[in-house]
Amino acid sequence: MSNECQVEHSKEIMAVHDTMDILNGKWKISIISSICYHNKRRFTDILNDVNGISNKMLSKELKDLEINKLIKRTVLDTQPVTIHYQLTEYGLTLKTIINDLAEWGIKHRKVIIAG
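So in this note's numbering, the last spot in the sequence shown is 262, and the numbers never skip.
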């Protein structure tokens, strides 16, 4: 293998690594999926969509996603106060990845169940 090829793949591998740094963990992809498929979601909606996540963990993960500019938190002036989460324009760039993961997951489940 030539050095040029190794350098080119090193860039790609680093890009995947950088992506995984942002999307790492058990919950982030599921949270992004919940928001992606429903456009706007309230905290409790996401909590119900993502099986097994605690309030505290969801809160932490939402803050991380907001810091990375993937979601936007909107506080509405209602009684009681309503908070919506939605993907930012930048976060919407993950939609294709989310759809591909869902499609692969459906196929994978069929393969595993079929034995």
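Glycine residues also receive a C-beta, built at the ideal position from the N, C-alpha and C atoms. Keep in mind it's a predicted model, so treat the numbers as computed, not measured.
Notebook entry, point to check: Could you give the distance in angstroms between the alpha-carbon of GLY238 and the alpha-carbon of ALA261?
Noted result: Those two C-alpha atoms are separated by around 35 Å.
Next item on the list: Run the CB neighbour count on TRP251, radius 10 Å, all protein chains shown included, and call it buried at 16 or more, exposed below.
Entry: Residue environment: TRP251 is assigned as exposed (fewer than 16 neighbouring CB atoms within 10 Å of its CB, all protein chains considered).
Next item on the list: Use the C-beta contact count for TYR232: other C-beta atoms within 10 angstroms, 16 or more gives buried, fewer gives exposed.
Entry: Looking at its Cβ environment, which holds 16 or more other Cβ atoms inside 10 Å, TYR232 is buried.
Check: DSSP state of VAL197, grouped into three classes?
Finding: Here VAL197 carries a coil assignment [DSSP, helix/strand/coil].
Next item on the list: Examine the Cβ distances between the stretch 216–223 and the stretch 242–258 and report whether three or more of them are shorter than 8 Å.
Entry: No contact exists between the stretch 216–223 and the stretch 242–258.
Note to self: Within a Cβ cutoff of 8 Å, which residues of the same chain sit near LEU205, ignoring the five residues on either side of it in sequence?
What the structure shows: These residues qualify, in order along the chain: TRP174, ILE178, PHE190, ILE193, LEU194 and VAL197.
Check: Which of helix, strand or coil does DSSP assign to LEU239?
Finding: DSSP places LEU239 in the helix class (H, G or I) of the three-state scheme.
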